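S.K.: Quick one: this structure, given as structure tokens, is what I'll be asking you about.
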């Protein structure tokens, strides 16, 4: 399990469990990286991910805070995450629950119909359940990674747009250069009106 994913899940659990309250400030990026023993960029990515999911808000120059209205997580999904990242072997019932939760999260992007087993009851062996659970968890990790890449791309686009707007503003207010005036031409009213 990637460290960033584990850290994000732990912070989400602290928030949804009430140990971190709305408006409470989270540790700085550097402080959390130091405590967690991870790279500063990993913590930045985790905070961006949590902000994108609505768990935290970042206030420029002040820090990162728990959001006022955090999303509610399905307790079963939280349990599945804990089991997926823990080292103890789950029971068959836990595996079935994890698989059904993972399948519901994957939704229509799951396996194509051609890869699905034929209809009818079939009891899977524990090893098969473990393999299915691991495959679904792997797919979710891939989706998380893709989402993280998209968040980073969007952030870079926002920065680029912000820099472009800043350059345009600087051109308009640059000393020694007359600002460009925009004039509008209004149609003349017709005679006799």
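Numbering (my numbering), first residue to last: 1038 to 1230.
The C-beta atom is built at its ideal place from N, Cα and C for all residues, glycine as well.
Small disclaimer: the values here were computed from a predicted structure and weren't measured.
(1) Classify residue 1109 as helix, strand or coil using the three-state DSSP reduction.
(2) Quick one: Cα of residue 1187 to Cα of residue 1086, how far?
(3) Is it right to say residue 1083 is buried, meaning 16 or more other beta carbons lie within 10 angstroms of its own, or is it exposed?
(4) In angstroms, rounded to a whole number, what distance separates the CA positions of residue 1047 and residue 1040?
(5) So, with DSSP's three-state summary, where would you put residue 1075?
(6) The alpha helix (DSSP H) that contains residue 1128, what's its start and end?
(7) Any idea which residues DSSP pairs residue 1093 with across the strands?
(8) For residue 1062, list the residues DSSP reports as bridge partners.
(9) What's the C-alpha gap between residue 1195 and residue 1173?
(10) May I have the straight-line CA-CA distance separating residue 1150 from residue 1184, to the nearest angstrom?
(11) What distance in whole Å lies between the Cβ atoms of residue 1169 and residue 1198, which are believed to be in contact at a cut-off of 8 Å?
(12) How should residue 1077 be labelled, buried or exposed, when 16 other C-beta atoms within 10 angstroms of its C-beta is the threshold for buried?
(13) With distances taken Cα to Cα, identify the nearest neighbour of residue 1189 among 1130, 1081, 1050.
(14) Shortest alpha-carbon distance to residue 1044 belongs to which of 1059, 1071, 1058?
(15) Counting only the same chain and skipping the five closest in sequence on each side, list residues whose C-beta sits under 7 Å from that of residue 1042.
(16) If you run the structure through DSSP and keep just helix, strand and coil, what is residue 1038?
(17) Can you tell me which of the three DSSP states residue 1161 falls into?
M.R.: This is what the structure holds:
(1) If you number the chain shown from 1, residue 1109 lands on position 72. It is coil, neither helix nor strand.
(2) Position 150 of the chain shown, counting from 1, holds the residue named residue 1187. Position 49 of the chain shown, counting from 1, holds the residue named residue 1086. In this structure, the CA atom of residue 1187 is about 10 Å from the CA atom of residue 1086.
(3) Residue numbering aside, residue 1083 sits at position 46 when the chain shown is read from its first letter. With 16 or more Cβ atoms within 10 Å of its Cβ, residue 1083 is classed as buried.
(4) In the chain shown, the residue the question calls residue 1047 occupies position 10. In the chain shown, the residue the question calls residue 1040 occupies position 3. Their Cα atoms are separated by approximately 10 Å.
(5) Along the chain shown, one-based indexing puts residue 1075 at 38. In the structure shown, residue 1075 sits in coil (DSSP, three-state: anything other than H, G, I, E or B).
(6) For the purposes of this step, residue 1128 is taken as residue 91 along the chain shown, with counting starting at 1. No alpha helix (DSSP H) contains residue 1128, which DSSP labels as neither H nor E.
(7) Mapped onto the chain shown, residue 1093 falls at position 56. Checking the DSSP bridge columns, you'll see residue 1093 partnered with 1103.
(8) Against the chain shown, residue 1062 aligns to sequence position 25. Residue 1062 is bridged to 1102.
(9) Residue mapping note: residue 1195 aligns to position 158 of the chain shown, counting from 1. Residue mapping note: residue 1173 aligns to position 136 of the chain shown, counting from 1. Taking the straight line from one Cα to the other gives about 33 Å.
(10) Taking the chain shown and counting its residues from 1, one reaches residue 1150 at position 113. Taking the chain shown and counting its residues from 1, one reaches residue 1184 at position 147. For residue 1150, the pLDDT reaches just 43, beneath the cut-off of 50, and the residue's location in the model is therefore unreliable, although a value from the coordinates is still provided. Cα-Cα distance, rounded: 25 Å.
(11) Within the chain shown, residue 1198 is the residue found at index 161, counting from 1. Within the chain shown, residue 1169 is the residue found at index 132, counting from 1. Not a contact, Cβ separation roughly 43 Å.
(12) Taking the first residue of the chain shown as position 1, residue 1077 is located at position 40. Counting Cβ neighbours within 10 Å, residue 1077 comes out exposed, since fewer than 16 surround it.
(13) Here the question's residue 1189 lines up with position 152 in the chain shown. The shortest C-alpha to C-alpha distance from residue 1189 to any of 1130, 1081, 1050 is the one to 1081.
(14) The sequence position of residue 1044 within the chain shown is 7, counting from 1. When each option's Cα is compared against that of residue 1044, the closest is 1071.
(15) Against the chain shown, residue 1042 aligns to sequence position 5. Excluding positions up to five away in sequence, the list reads 1178, 1181.
(16) Working through the chain shown from its first residue, we reach residue 1038 at position 1. In the structure shown, residue 1038 sits in coil (DSSP, three-state: anything other than H, G, I, E or B).
(17) Within the chain shown, residue 1161 is the residue found at index 124, counting from 1. In this structure, residue 1161 counts as coil in the three-state DSSP scheme.
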